[in-house]
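Under the numbering used here, the first residue of the sequence shown is numbered 476, with each subsequent residue one higher.
Glycine included, C-beta positions come from ideal geometry on N, C-alpha and C.
Structure first, then comments.
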Amino acid sequence: MGRLDAVYDWFDERTAVRSLVRKGLYEAVPKRGAWFYTLGSATLVLILLQLVTGIFLTLVYVPSVTEGWASLNYLKQHDAFGSIVRGIHLWSAYILLFVIGLHMVRTFFSGSYKRPRELNWVTGVGLFLLVLVMAITGAFLPWDQAAYWTAVVVTNVPAYTPFIGSFIRALWRGGDFVGPITLSRTFGIHVWLIPAILFPLILAHLALLRKHGEFGSYVNYRGAYRSREGVDVPPVPPQRPIEPPYPAVPTDELWAAPLETEDFFPFQTFKDGLVSVVLVIVVFLLAVAIGAPLEPIADPSTTSYTPVPEWFFLPLDELLLLVPQQLIPLALIVPAGGVLLLLALPFIDRGPERNPFERPAVMVPGGFAVLFVIILTLLGSGRLFNL
Ligand code: HEM
476 MGRLDAVYDW
486 FDERTAVRSL
496 VRKGLYEAVP
506 KRGAWFYTLG
516 SATLVLILLQ
526 LVTGIFLTLV
536 YVPSVTEGWA
546 SLNYLKQHDA
556 FGSIVRGIHL
566 WSAYILLFVI
576 GLHMVRTFFS
586 GSYKRPRELN
596 WVTGVGLFLL
606 VLVMAITGAF
616 LPWDQAAYWT
626 AVVVTNVPAY
636 TPFIGSFIRA
646 LWRGGDFVGP
656 ITLSRTFGIH
666 VWLIPAILFP
676 LILAHLALLR
686 KHGEFGSYVN
696 YRGAYRSREG
706 VDVPPVPPQR
716 PIEPPYPAVP
726 TDELWAAPLE
736 TEDFFPFQTF
746 KDGLVSVVLV
756 IVVFLLAVAI
766 GAPLEPIADP
776 STTSYTPVPE
786 WFFLPLDELL
796 LLVPQQLIPL
806 ALIVPAGGVL
816 LLLALPFIDR
826 GPERNPFERP
836 AVMVPGGFAV
846 LFVIILTLLG
856 SGRLFNL
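Written as structure tokens, this is what we have:
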């Protein structure tokens, strides 16, 4: 133990690692709602799992229409470890989409996007969209029948953008049709382009979180002033406001903070760790028990194959199916407008009220939007099982 301490001291003298660790671990976080706060860290853990398993997969995967499928088929036939890694990559992506959705619903429901956390929310919406793009571009890569027909449908969606739609489709496809260039471009987007934006954006999201503290939820907006450690302060004058936003750093000699807080370490880290470990175990079990499917290699000339969309693409796919061909550009205004509204939410709903039951003007349209997505998913779900 003494030796380890000496090594730590040596390292600390050169890097100041001790104060960094302290700063990272000993933040005051609220006691109320702590289990809901585990969703953000679970999202982070699942994204890191994606990164690690993705790096493993790039060691074998070849982004070519002749070799891509063959490299994954090799894993399936001859490499049990590689197959499990591929299964983990797929199932943790699926569970990540679910958990990030819950994290978003929780921050929406609890009013956490309000001043001063508008940018926590805006960066979050950006992360949600990037994770969706990661999932849909990943679905092209196996280049089996499912992947090919997903690519045909998905690369056609941007074509409905006014004025530049055909250009974007041709740029993504590398021509008029889905083919080898589509695969190598999509591989570049999945492995380089999106991660290069996603990971810095995660850092920005976490830095903002640290700046404002984890006090965004309405359950924590019963605050109190506290004296800074070691400083004696006279009783707080009653007129001093302790309503939102709490200053995240001490102002004068006083902190404003939720009434009940606890240290991030070990209390919140324990809950975060427990939820993340359970999720990782579930991912591992699904990867072993079900694995990642691989259909026969893509065959553009086939006429007998019935394409089935990825489950997370189902609401959009169903919307495109329900409306007549000529009205598709109009129908696509719904998801595009939805994204813009999400981005604008903290700037529209600016009142101090955070309690969801006191915010009907936001909760009712929000509830209808969620219901709309659920109904579209249910309508399309029969196709997932080829019904
Ligand atoms: C890669 C994706 C994401 C990661 C890694 C991530 C991570 C986190 C973490 C660790 C927290 C603190 C714990 C918690 O509140 O659960 C947090 C808070 C927050 N996140 Fe995210 N998040 C992501 C995506 C999103 C999305 C999609 C949204 C919403 C659109 C969002 C909005 C927020 C807000 C507003 C807070 C502040 C909550 C508060 O102080 O009460 N995040 N995020």
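Secondary structure at GLU770: coil, using DSSP grouped into helix, strand and coil. Counting every other CB atom within 10 Å of its CB across the protein chains shown gives PHE690 a total of 16 or more, marking it as buried. Here ALA517 is not near THR598, since their CB atoms are 9 Å or more apart. By the Cβ-count criterion, PHE787 is buried, with 16 or more other Cβ atoms from all chains shown falling within 10 Å of its own Cβ. Inter-residue distance for PHE615 and ARG592 is about 36 Å (C-alpha atoms, whole angstroms). Short note on LEU519: C-beta closer than 8 Å to some heavy atom of ligand 1.
The C-alpha of ALA836 lies about 24 Å from the C-alpha of ILE575. Of the other Cβ atoms in all chains shown, 16 or more fall within 10 Å of the Cβ of ILE563; this residue is therefore buried. With contacts defined as CB atoms closer than 9 Å, GLU793 and LEU846 fail to qualify as a contacting pair. Cα atoms of THR736 and LEU571: separation of roughly 28 Å, rounded to the nearest angstrom. Taking a contact as a CB-CB distance under 8 Å, the pair LEU594 and LEU683 counts as one, their CB atoms being some 6 Å apart.
The Cβ-Cβ distance between SER751 and GLY586 does not fall below 9 Å. If you draw a straight line from the Cα of LYS589 to the Cα of PHE843, it comes to about 21 Å. VAL798 and ILE530 have their C-alpha atoms some 40 Å from each other. The Cβ-Cβ distance between VAL535 and LEU547 falls below 9 Å. Residue environment for GLN552: exposed (fewer than 16 other C-beta atoms within 10 angstroms of its C-beta). For VAL752, the Cβ stays outside the 8 Å cut-off from all heavy atoms of ligand 1.
Three or more Cβ pairs closer than 8 Å define a contact, and the stretch 488-507 falls short of that threshold against the stretch 615-624. Here the alpha carbons of GLU488 and ASP480 stand approximately 12 Å from one another. The beta carbons of PRO810 and GLY855 sit no closer together than 9 Å. The Cβ atoms of MET609 and HIS687 lie no closer than 9 Å to each other. Excluding the 5 residues flanking it on each side, ILE672 has same chain C-beta neighbours closer than 7 Å at LEU605, in chain order. Contact annotation, THR657 with ARG648: C-beta distance approximately 5 Å; criterion of less than 8 Å satisfied. When the beta-carbon positions are compared, LEU550 and SER558 come within less than 9 Å of each other.
A check of alpha carbon separations from GLY748 across TYR483, THR513, LYS506 and GLY508 identifies THR513 as the nearest.
Beta-bridge partners assigned by DSSP to PRO505: THR736. Note on PRO617: 16 or more other CB atoms within 10 angstroms of its CB, so buried under the neighbour-count rule.
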